[in-house]
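Residue numbers (the numbering used here): 19 to 288.
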């Protein structure tokens, strides 16, 4: 999942989970399912697969006889506690679920990038337990260490105006998509969509951009960000018009969080 997918899915997750009680926690390999009960609203399952996906599900898996140690710790500290909030950290691929009460709360942190990770932070935001422990150049995931979010990889989309957009491109010798993807906290597919909204080829090299192309890119960028601000969400599967005969080859081109102009000429399913 991209950070944009998470951003647009957040309202649905909040509506289902905030205020609900955690009745149980299940672990299936690297997949976690939080069984939630919303007073007056019934039960719902929140699936978290660190590094891969997060969503609500009705699919019922057979629970393992003996939960792994990490899952056992989560059960001990989170069962029968209330979900206070679900937040995305700085438009990054990180979800923070605060659980407990106003007097004392724990945080369940799901890192959705790389190989993924799941951590439980104590009320002081120190690492109580983690699915994976590791030391890194910019931070450490070790017991009793203060949890630190990873450094942001790029500029904040929502803080960029026309002037700072020009500064974003300055000095680049790459094409538009590579430049935007490396300098914004944004995936390459979304950068291609910005180009499509701008009616500009994604292969255009930044040093070759003239004033009209720059103006078009600003317009496309503004339109893309406006959709994010408005919470436009209509997940789509873009289908391949010439599906492969190989059963192991998927018959789709891409998954998009809303209808991408980039794929206007291809069929899609929502």
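Backbone N, C-alpha and C fix where the C-beta goes; we use that ideal spot for every residue, glycine too.
Cβ neighbour criterion (16 or more within 10 Å) applied to residue i
i, result
"residue 216", "buried"
"residue 25", "buried"
"residue 84", "exposed"
"residue 282", "exposed"
"residue 75", "exposed"
"residue 302", "One cannot answer for residue 302 here, as it falls past the ends of the chain, which runs 19 to 288."
"residue 278", "buried"
"residue 44", "buried"
"residue 153", "exposed"
"residue 68", "buried"
"residue 254", "buried"
Endpoints, the beta strand (DSSP E) within which residue i is located
i, result
"residue 238", "Counting along the chain, residue 238 falls outside any beta strand (DSSP E), though it belongs to the alpha helix (DSSP H) covering 229-248."
"residue 204", "That residue, residue 204, is in no beta strand (DSSP E); it is neither H nor E in DSSP."
"residue 182", "Taken as a continuous stretch (DSSP letters only), residue 182 belongs to no beta strand (DSSP E), being part of the alpha helix (DSSP H) at 180-187."
"residue 273", "270-274"
"residue 52", "49-56"
"residue 218", "Counting along the chain, residue 218 falls outside any beta strand (DSSP E), and DSSP gives it neither H nor E."
"residue 63", "60-67"
"residue 257", "254-257"
"residue 192", "Where residue 192 is concerned, there is no enclosing beta strand (DSSP E), given that its DSSP letter is neither H nor E."
"residue 101", "100-106"
"residue 167", "Where residue 167 is concerned, there is no enclosing beta strand (DSSP E), given that its DSSP letter is neither H nor E."
Short Cβ contact (8 Å threshold) for residue i with residue j
i, j, result
"residue 91", "residue 138", "yes"
"residue 36", "residue 103", "yes"
"residue 206", "residue 199", "yes"
"residue 275", "residue 251", "yes"
"residue 224", "residue 178", "no"
"residue 20", "residue 229", "no"
"residue 72", "residue 113", "yes"
"residue 172", "residue 202", "yes"
"residue 66", "residue 88", "no"
"residue 93", "residue 42", "yes"
"residue 110", "residue 52", "no"
"residue 162", "residue 145", "yes"
"residue 46", "residue 79", "yes"
Coarse secondary structure for residue i, derived from DSSP in three states
i, result
"residue 158", "strand"
"residue 87", "helix"
"residue 120", "coil"
"residue 39", "strand"
"residue 282", "coil"
"residue 32", "helix"
"residue 77", "coil"
"residue 20", "coil"
"residue 46", "strand"
"residue 288", "coil"
"residue 348", "This structure cannot settle anything about residue 348, because the visible part of the chain is limited to 19 through 288."
Residue interval of the alpha helix (DSSP H) (run including residue i)
i, result
"residue 136", "Note, residue 136: premise wrong, no alpha helix (DSSP H); beta strand (DSSP E) at 135-139."
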